[in-house]
Amino acid sequence: MASYEEVGIGDAVLLDEISVRAFVDNLRVRYNGGKIYTYIGEVCVSVNPYRTISLYGKEYVAQYKGREIFERPPHIFALADAAYKAMKRRGKDTCIVISGESGSGKTEASKIIMRYIAAVTNVAGQQEVERVKNILLQSNSILEAFGNAKTNRNDNSSRFGKYMDINFDFKGDPIGGNVQNYLLEKSRVVLQQQGERNFHSFYQVLFGATDSELSRLKLKRDVSQYHFIRQGGTPRVDSIADKADYKQCQQAFKTLGFTQEQVDAIWRIVAAILHLGNIEFSSGGEDTQIMNPKVVNNIAELLHVSPEEVRKALCHRVIAARGEVMEKRHTGSEASFGRDAFAKAIYERLFSFIVDGVNRAIEVRYEGTAARYKYSTVIGVLDIYGFEIFERNSFEQFCINYCNEKLQQLFIELVLKQEQEEYKREGIAWQNIDYFNNQVICDLVEQPHKGIISITDEACLNVGKVTDEMLLEAMEGKLKGHQHFTTRKLSPMDKELKHVEEFRIKHYAGDVVYNIKGFLEKNKDTLFQDFKRLMYSSSDPVISGMWPEGAQDITMTTKRPLTAGTLFKNSMVALVKNLGSKEPYYIRCIKPNEQKSPVIFDQERVTHQVNYLGLVENLRVRRAGFAYRQSYDRFLRRYKMISQYTWPNFHGGTEREGTKILIEEQGFTNDVKYGNTKIFIRSPQTLFALEQGRAKLIPGIVIFLQKMWRGAVCRLHYRRLVATLTILRHYRLYKMRSYILELNRVFKNVRQMPDYGQHVRWPAPPLVLQSMVADFQSIHNRWRAHMILSNVPKKDWPQLRIKVIAGDVLMGKRSDWGVREIWEGNYLASTKDNPEAATFQSAVRNMRNKDGFREVLFSSMVRKINKKDKMAERAVLLTDRHIYKLHSKTFKPLRSPIPISEVTGVSVSPGQDQLVIIHLRGGNDLVVSLSSLSNANRVGELTGLLLRQYSLMNRSELRVVVAPALQCMLGHKSRMVTVEESTVATFPAFRRGSKRGDLVYTWPSSMNKELPPPTTKSHHPRHAPPPPPSRSPNPNGYRNSNGYNHGHTKNNGHTTSYLHAQENGRTYANAGRY
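For the sequence shown, the working numbering assigns the number 1462 to the initial residue and increments by one for each residue that follows.
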């Protein structure tokens, strides 16, 4: 066993003493310590904990998935995984047989196995496999609702036998399945003992259906109103949530593909059975009448048949003999018997219909995948009723206990018998162990002509009236002297048996007294043909389809069907044969007490179950001589670290020789035997010593393996990292070279292009060069600027710089801004524009001496408007520090000079007029119209000079506005100046507008010049992307609010001016324009 904390002995094979008392004591110790599972070799013994335990979560699934059965503490997961691995690895069909008496936890064990198989399969997440898994799990809800009931021994007792085959594909994923049901206890539909309930479905519909649903079903939410479900006196059970189970059942119907019509028909049939139980008959002589006809109408409406036909089927019987048809009226007792038989038959057909629906949902689908799934493997899970002993045991308990006898016989054949045969097969000296073989009991029940079933069948076939008492007498005659059968007549001194009423069978699980009453009728399973024809006549195709034999002609004589006992016997024989063809795994369930308490361990009750389950016999066979056996290869793999000669690997011969060397070195030679393929260890102490030696070495081995693995992982990671960096470095160099070569190819002939490659699209750079592309583009742009400026005379460069600055803000916004003219700047110093140039120059010298400016940048005559809306002729002087307003004749300053730092913006119109508004701090802007003798356009020149000088002084941008209506401040008041052209006016002038405070600037249209068409750049198939700004800021560069960059740079000893037009991708410095 693996090293883990344990309570008691996990595998009973390792007990020091082999006895019933020692085995039960070990179960008690483990049960009280919270350990409900115990092994006997590879048989799992499960004790019902009667409480919810946290042993089945995902972490437990992970612990047992793919592990050997002995590697982890005993658990039902280990057994399920062993069956799954045997099926998957060896391609062999397996089965898990779950046995035990009612209330021992068989149904829960089967559901746990289903959940485990669902959890460990479909690793790839295939949708179809997931659908099958979901259906397999959901089918339990439906089958439990219609096949389980509360008994005095179990709140969720399976009242039918269930065997489920789960089909797996070659990958081990479930692809379908099939459910077989055995002997539904249909008598429970009409009769329950005190403290018990009918099937769960009846209570679920009453407590779980909505009010509207109950109204459609003609039901009331009151169990006491219905005879078939009130007899037990326990309508509610604390451990059962009928309302929640009803919702879960409805959801399961959808999951399994039942149509809404089918689901409605199912619940209508359930409701009809409840109403059927309330029908009462009154018998006056031969005239039998139904006392509550309203109930008949409800039944007819629910079953979609005629009320008259229902009434007739309940009170009459049609008999066909030799082609003649007769109608016979029932007596009261006959009518009651027919009603109950009808109710039982309806429910049985309903249950079979539901099982067929489940099978249709989970059947293996071969479409398109026949080759893959045709040879699928199977895991069978058998959850069948346990051995039952009630106060009154009838035909159903007889069949159930016979089933358990057959399963016990299978257990003896496959476990106890094969266990002994293994020793012989391995060549180990062996003395047979005696154990009880229950074949004699199986023969008592099923032997032809002499068995109880055959005797009962003969009684059913006899002509004339044969009673149950006569049947018992026939049994006494044929079974007299059988050691396992007795009656009061055969044992007169046995006062426990009633005369002519009871008989006793000594089963392997104990003595059971059966009451003979009802045996014949239950074996015949009589149902009048009238009821079959009635159900077949239903207008509901779902109900009609459940009764196909109702279509037979009324005069047709049918063959006598097989009896219920024979049918059950045949199904049991087929089941045992099916299980015998598979590799079996056993779960033996034990009920610790009758009170369903999680803290009581009834020693006597458990001892009885241990005895009749044959667990101690199994243990003795397993332990007789040898407590442990294992194949040589697996034994050597597990314990090789104990010996220096076998660690880490044995290379000195066969695995048997390596095992022998290991055992001899440890001194266990006298306690082992060597078989043909396995080693057999006699005492558990030897196994414990091996496990302890292994457990001491495992931590050091684990640490060593961790160290080696971590080192290997780190080295592997380092090598991968180095390789990755090397690949990245070479790849980056490759991408850089490729990109540079691509640039050389793309820009190869740009010197011969008119725009020097401005239209060429830059190739997409690799990530490693993205940060450098801006530098490449900056180099190209500077080269372009140099090539363009090399065609411009150097003496024109200062003028060109100003034009570039002005064009930056005015190009495309103003129709004419003087770019085609020569900009001289100080126009008033020239006699061409100012006859009084000498006076002007004298005044300028005086101002220079007074204010200390260095140079005159611009001067011009203007018409100025003041805050009182008066226009006057003036002169404007722009120096490197100030703006002056001068007298038009004397050129003397009219007020203190305006520092350029006081300027906040410039506004001009989009036309050819000469309106310029210089916005100033202080709320009194300078609003002027430039004038000259030559009618030259000087707006662009003044704007460019002002922008450049402001940027040099303040290192910031000056706002420029181009609009037909301009706002300004005069006398601290906001004024709107609107430009309009006039065909009448002969000179520019200001006047008041129509609105108060507004001004109108009139521009004579006769002063407009005829402009040449705008120059357009050559169209190329590709346009260059806007180059980004230079990475390093230029100390002489300027930026304006329109988003254009401009500045100065040194290139080959020449000062060049360049401009990046980010908005339209054009450079204004085109020598052809000047």
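A virtual CB, placed ideally from N, CA and C, is assigned to each residue, including glycine.
Whole-angstrom distance between residue j and residue i, CA atom to CA atom
{"i": "residue 2053", "j": "residue 2074", "result": "14 Å"}
{"i": "residue 2296", "j": "residue 2288", "result": "11 Å"}
{"i": "residue 1566", "j": "residue 2050", "result": "6 Å"}
{"i": "residue 1957", "j": "residue 1949", "result": "8 Å"}
{"i": "residue 2480", "j": "residue 2263", "result": "Note on residue 2480: pLDDT 38, under 50, position unreliable in the model; the coordinate value appears next. Using only the alpha carbons, I get a separation of about 28 Å."}
{"i": "residue 2225", "j": "residue 2238", "result": "13 Å"}
{"i": "residue 1631", "j": "residue 1578", "result": "15 Å"}
{"i": "residue 2092", "j": "residue 2140", "result": "6 Å"}
{"i": "residue 2491", "j": "residue 2313", "result": "Confidence is the limiting factor: at residue 2491 the pLDDT is only 34, short of 50, which leaves the residue's position unreliable and the question unanswerable from this model."}
{"i": "residue 2379", "j": "residue 2386", "result": "6 Å"}
{"i": "residue 1549", "j": "residue 1634", "result": "9 Å"}
{"i": "residue 2397", "j": "residue 2252", "result": "26 Å"}
{"i": "residue 1826", "j": "residue 1717", "result": "15 Å"}
{"i": "residue 2099", "j": "residue 1525", "result": "18 Å"}
{"i": "residue 1791", "j": "residue 1770", "result": "15 Å"}
{"i": "residue 1779", "j": "residue 1609", "result": "35 Å"}
{"i": "residue 1776", "j": "residue 1743", "result": "10 Å"}
{"i": "residue 1765", "j": "residue 1699", "result": "36 Å"}
{"i": "residue 1612", "j": "residue 1657", "result": "5 Å"}
{"i": "residue 2084", "j": "residue 1599", "result": "41 Å"}
{"i": "residue 2451", "j": "residue 2414", "result": "33 Å"}
Near the ligand ATP: residue i beta-carbon under 7 Å from a heavy atom
{"i": "residue 1660", "result": "The ligand content of the structure shown is nil, which means the ligand ATP is not present either."}
Residues near residue i in its chain [Cβ-Cβ closer than 6 Å; skip 5 each side]
{"i": "residue 1469", "result": "1487, 1490 and 1491"}
{"i": "residue 1724", "result": "1714"}
{"i": "residue 1988", "result": "1802 and 1806"}
{"i": "residue 2388", "result": "2326, 2378 and 2429"}
Residue-chain proximity (residue i, chain B), Cβ-Cβ < 8 Å
{"i": "residue 2451", "result": "The displayed structure is made up of one protein chain only, and chain B is not part of it."}
Cβ shell of residue i (< 7 Å), same chain only, five flanking positions each side left out
{"i": "residue 2405", "result": "2263, 2264, 2266 and 2267"}
{"i": "residue 1756", "result": "1736, 1739 and 1740"}
{"i": "residue 2435", "result": "2428"}
Candidates the options: closest to residue i by CA position
{"i": "residue 2230", "options": "2193, 2243 and 2123", "result": "2193"}
{"i": "residue 1494", "options": "1945, 1508 and 2233", "result": "1508"}
{"i": "residue 1501", "options": "1482, 1472, 1479 and 1520", "result": "1472"}
{"i": "residue 2058", "options": "1510, 2175 and 1480", "result": "1510"}
{"i": "residue 1607", "options": "1633, 1727 and 1559", "result": "1727"}
{"i": "residue 1676", "options": "1685, 1626, 1732 and 1635", "result": "1732"}
{"i": "residue 2211", "options": "2369, 1774, 2245 and 1959", "result": "2245"}
{"i": "residue 2351", "options": "1742, 1898 and 2337", "result": "2337"}
{"i": "residue 1616", "options": "1637, 1625, 1574 and 1568", "result": "1568"}
{"i": "residue 1814", "options": "2124, 2008 and 2282", "result": "2008"}
{"i": "residue 2260", "options": "2165, 2456, 2129 and 2284", "result": "2284"}
{"i": "residue 1907", "options": "2399, 2353 and 1860", "result": "1860"}
{"i": "residue 1480", "options": "1638, 2121, 2071 and 2437", "result": "2071"}
{"i": "residue 2144", "options": "2111, 2120 and 2081", "result": "2081"}
Beta-carbon contacts of residue i that lie in its chain and below 8 Å, excluding the five residues immediately before and after
{"i": "residue 1963", "result": "1948, 1949, 1974, 1975, 1976 and 1977"}
{"i": "residue 2108", "result": "2101 and 2102"}
{"i": "residue 2197", "result": "2227, 2229 and 2230"}
{"i": "residue 1703", "result": "1661, 1664, 1665, 1667, 1668, 1669 and 1697"}
{"i": "residue 1935", "result": "1916, 1919 and 1920"}
{"i": "residue 2276", "result": "2371, 2372, 2373 and 2472"}
{"i": "residue 1748", "result": "1790"}
Practice item. Go through the stretch 1588-1639 residue by residue and report every complete run of the beta strand (DSSP E) that reaches 3 residues or more, in order. Key: 1622-1629
Exercise for review: Mind the definition here: the stretch 1847-1859 touches the stretch 1655-1667 only if three or more C-beta pairs lie below 8 Å; say whether that holds.
Suggested key: no
**Study point:** alpha helix (DSSP H) runs contained entirely in the stretch 1662-1719, provided each spans 4 or more residues
**Key:** 1672-1677, 1688-1691 and 1703-1716
Exercise for review: Ignoring anything shorter than 4 residues or poking outside the stretch 2079-2112, list the alpha helix (DSSP H) runs there in chain order.
Suggested key: 2093-2100
Check your understanding: Three or more beta-carbon pairs under 8 Å between the stretch 2295-2315 and the stretch 2429-2442, yes or no?
Key -> no
Check your understanding: Taking three-plus beta-carbon pairs below 8 Å as touching, is the stretch 2169-2185 in contact with the stretch 2143-2154?
Key -> no
Point to revise | Every unbroken alpha helix (DSSP H) within the stretch 2136-2167, with a cutoff of 4 residues, ordered by chain | key: none
Check your understanding: Do the stretch 1799-1808 and the stretch 1641-1658 make contact, defined as three or more Cβ pairs closer than 8 Å?
Key -> yes
Exercise for review: Spell out a yes or no on whether the stretch 1853-1873 and the stretch 1981-1992 are touching, meaning 3 or more CB-CB pairs, one atom from each, closer than 8 Å.
Suggested key: yes
Practice item. Would you check if there are 3 or more beta carbon pairs closer than 8 Å linking the stretch 1863-1875 to the stretch 1988-2004? Key: no
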